[in-house]
Amino acid sequence: VPLLAAPSDPDTEKLSPYECGFEAFDDARMKFDVKFYLVAILFIIFDLEI
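Take any residue in the sequence shown, count from 1 to its spot, add 6: that is its number in the working numbering.
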């Protein structure tokens with residue numbers, strides 16, 4: 007019943023950042039080069055070999 011009675015579009019206050027106070031500039035995830043993954047996999051393979 008609450009889903010039918012509640013308004014469907016949230017207020018702008020509800021969508022604003024809560025604790026930090028400012029909008030995020032970019033995506034929090036960083037892009038890594040494939041070389042880092044290759045080095046990590048090779049390290050794990052050789053570490054398990056020894």
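Backbone N, C-alpha and C define an ideal beta-carbon position, used for all residues, glycine too.
Just so it is clear, the structure is predicted and the values come from calculations on it, not from any experiment.
Under three-state DSSP, which class holds residue i?
i: K37; result: coil
i: D17; result: coil
Using a Cβ-Cβ cut-off of 8 angstroms (strictly less than) and excluding sequence neighbours within five positions of residue i, which residues of its own chain qualify?
i: M36; result: none
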